[in-house]
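S.K.: Protein chains in written order, with the working numbering: chain A, 1 to 169; chain B, 1001 to 1151.
For each residue, glycine too, the CB sits at the ideal point set by N, CA and C.
The structure displayed is predicted, hence computed values, not measured ones.
(1) Just to confirm before moving on: does the CB-CB distance between residue 98/A and residue 161/A stay below 8 Å?
(2) Starting from the Cα of residue 1137/B, find the closest Cα among 1064/B, 1045/B and 1019/B and give me that residue.
(3) 8 Å is my cut-off, CB to CB: does residue 1108/B come that close to chain A?
(4) DSSP three-state call for residue 9/A: helix, strand or coil?
(5) Enumerate, from N- to C-terminal direction, the unbroken beta strand (DSSP E) stretches of 3 or more residues contained entirely within the region 19-105 of chain A.
(6) Going by DSSP, what residues sit across from residue 1141/B in a beta bridge?
(7) Helix, strand or coil, according to DSSP, for residue 115/A in the structure here?
(8) Of all Cβ atoms in chain A, is any one closer than 8 Å to the Cβ of residue 1079/B?
(9) Exposed or buried, what is residue 167/A when buried is set at 16 or more other beta-carbons lying within 10 Å of its beta-carbon?
(10) If you check the beta carbons only, do residue 1122/B and residue 132/A fall under 8 Å apart?
(11) Counting only Cβ-Cβ distances shorter than 9 Å, please list the residues of the region 6-36 of chain A near chain B, keeping chain order.
(12) Hey, out of 122/A, 50/A, 71/A and 74/A, whose CA is closest to residue 63/A's CA?
(13) From residue 1142/B to residue 1113/B, what does the alpha carbon distance come to, in whole angstroms?
(14) Would residue 1084/B pass as an interface residue toward chain A - the criterion being a Cβ-Cβ separation below 8 Å?
(15) Taking the beta carbon of residue 93/A as the centre, do at least 16 other beta carbons fall within 10 Å, making it buried, or is it exposed?
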């Protein structure tokens, strides 16, 4: 009996693949009603990131590198109305990523990654101020359904703009 | 006093194997439950991009995959970028809306995992995303691997 069970066990051991799927989570905006205008967002609250088909990055109309995005997002979100070019407050800050149809997917993921990392670092800093080790530790203490105060204060508002069709410049 | 209680047994102390089948069965059942036998053959190449800001998907049964990448051809050649859902390649992107809408009605907590080849262009990714928006399945996940170069 045990032999048969052993045999089956080994078979299932070999065939099982316990791989955890990792990735960058996003929530797409719901399909817009054409009659309803999207709520206006002040120009200063949007941090515009443009990536062209060569993978070059335009940050707030200035050509820059991928590595500068994280710092720029951090200044944008933590600005608190100090600088007129950046956001009024953290909960109003929006990061907009716009790509071209021919932009390599890899560049897009790298950009998105940098933006998320900026938010992760801000959340970690916020959690440390509240006396937790990091953001993960804070999240573990939350009951299901309980409001996440850190994300409430610094929401990650990343807007994925629809790309140009590539016909114009 | 202690003399009366010290009894020397001749047999060597051995671990009882009576519970061994039970243990084996338990493991067997565990692996049987966790195994997914039906693997979809992916007909497109998906070399996932690397990223740092990763989150794990714990609820794996809510996940539905969409593969995007150059089609694998005979020999080591690759064709045009195609979209695959479940077992079949999707030629008309508008059918994604129907497929995903049906999946969403079956499982409202659906997460769509986009496994996109890193060399793909954003155009097709956006087209699929637009279809997903129309279907109403808004939770997506850009599947990517941990960046090992920066560690």
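M.R.: The structure says:
(1) Along the first chain, one-based indexing puts residue 98/A at 98. Along the first chain, one-based indexing puts residue 161/A at 161. Yes. Within cutoff.
(2) To locate residue 1137/B, count along the second chain from 1; it is residue 137. The shortest C-alpha separation from residue 1137/B is found at 1064/B.
(3) Along the second chain, read from residue 1 onward, the residue named residue 1108/B stands at position 108. So, not an interface residue.
(4) For the purposes of this step, residue 9/A is taken as the residue at position 9 of the first chain. Looking at residue 9/A - three-state DSSP - the assignment turns out to be helix.
(5) 22-27, 46-51, 57-59, 62-64 and 94-99
(6) Translated into positions along the second chain, residue 1141/B becomes position 141. Residue 1141/B is bridged to 25/A and 1113/B.
(7) In the first chain, the residue the question calls residue 115/A occupies position 115. Three-state result, residue 115/A: helix.
(8) Translated into positions along the second chain, residue 1079/B becomes position 79. Not one chain A Cβ lies under 8 Å of residue 1079/B.
(9) Start at 1 with the first residue of the first chain, and residue 167/A comes out as number 167. Because the pLDDT at residue 167/A is just 48, under 50, the model does not fix this residue reliably, and the value given afterwards should be weighed accordingly. With fewer than 16 Cβ atoms within 10 Å of its Cβ, residue 167/A is classed as exposed.
(10) Position 122 of the second chain holds residue 1122/B. Position 132 of the first chain holds residue 132/A. Cβ distance not < 8 Å, so residue 1122/B and residue 132/A don't count as in contact.
(11) 6, 8, 9, 11, 12, 13, 15, 16, 17, 18, 20, 21, 22, 23, 24, 25, 26, 27, 28, 29, 30, 31 and 32
(12) Within the first chain, the letter at position 63 stands for residue 63/A. For the residues 122/A, 50/A, 71/A and 74/A, the minimum Cα distance to residue 63/A belongs to 50/A.
(13) Looking up residue 1142/B in the second chain gives position 142. Looking up residue 1113/B in the second chain gives position 113. When rounded, the distance between both Cα atoms is 6 Å.
(14) Counting from one through the second chain, the residue named residue 1084/B turns up at place 84. Judged by the 8 Å Cβ criterion, residue 1084/B is not in contact with chain A.
(15) Here residue 93/A refers to the residue found at position 93 of the first chain. Buried is the call here.
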